[in-house]
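Participant: Before we start, here is the structure in question, set down as structure tokens.
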Amino acid sequence: MKRRIFLQATLTTAQLALAIGSGLLVPRRVLAAWPSAAFHATSPDQAIHALLEGAPLEFSDAVHIEASNIAEDGRSVPVVVHSEIPDTVTITILSEKNPYPAVASFNLSPQVDPFVSTRIKMGGAGHVVAVVTAKGRHYYAKKRIQVTAGGCG
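Per numbering that gives the first Met the number 0, residue 0 is the first one in the sequence shown, and the count goes up by one each step.
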């Protein structure tokens with residue numbers, strides 16, 4: 000049995016060395032295009048301004064936030080955001096009581112249903128804001144969530 004393990008490890012190492020030697024596995028730095036300024040902002044207004052680059056933001060009933068009105072633990076609050084606006088390309092979630100309010104941003108393909116389900120941290124009771132970008136315009140919805148324990152403060 001030990002001989003089989005030795006042979007398998009030897010063959011795996013040889014294949015890995017061959018792949019690295021031929022240039023198939025070259026370590027590269029991945030640079031994602033993400034709104035860095037929005038995620039380092041310390042207030043919701045700063046985060047939204049950095050995210051939208053000063054573009055106008057309007058309320059929409061077509062953006063829905065599904066979350067419990069009371070979160071038992073602020074360390075893990077389930078939040079679902081769904082947009083009924085056609086051609087939605089981004090959904091961003093902010094929590095106003097966090098030290099850094101921008102919690103998550105999702106880039107979506109036009110071929111998918113604009114629906115996001117995630118868990119976020121909340122530093123305390125406050126509003127969760129969903130910002131949706133569609134057809135070059137920006138829409139938002141907000142929901143107040145009461146946090147009873149925990150948090151990220």
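Beta carbons are placed, not taken as given, at the ideal position from N, Cα and C, and that holds for glycine.
(1) For A66, which residues from the same chain have a beta carbon less than 8 Å from its beta carbon, with the 5 sequence-adjacent residues on both sides left out?
(2) Which residue spans inside the region 54–92 form an unbroken alpha helix (DSSP H) run of at least 4?
(3) Compare the C-alpha of T91 against each of F5, I47 and E52 and name the closest.
(4) Counting only the same chain and skipping the five closest in sequence on each side, list residues whose C-beta sits under 7 Å from that of A37.
(5) Short of 6 Å in beta carbon distance, which residues of its chain neighbour S82, apart from the five on each side in sequence? Order them along the chain.
(6) For R3, which residues does DSSP report across the bridge?
(7) Which residue's Cα is closest to the Cα of R118: A140, L93, A40 and H39?
(8) Consult DSSP for S35 and reduce its assignment to one of helix, strand or coil.
(9) Just curious, the alpha helix (DSSP H) that A124 is in, first and last residue?
(10) May I have the straight-line CA-CA distance separating S116 from Q14, to the nearest angstrom?
(11) Taking the Cβ atom as the reference point for each residue, do S104 and I84 lie within a distance shorter than 8 Å?
Facilitator: Quick answer:
(1) V76, P77, V78, V79, V127, K142 and I144
(2) none
(3) I47
(4) A46, A49, L50 and A101
(5) V62, P113 and V131
(6) Partner(s): none; R3 has no beta bridge.
(7) L93
(8) helix
(9) Here A124 belongs to no alpha helix (DSSP H), and DSSP marks it neither H nor E.
(10) 39 Å
(11) no
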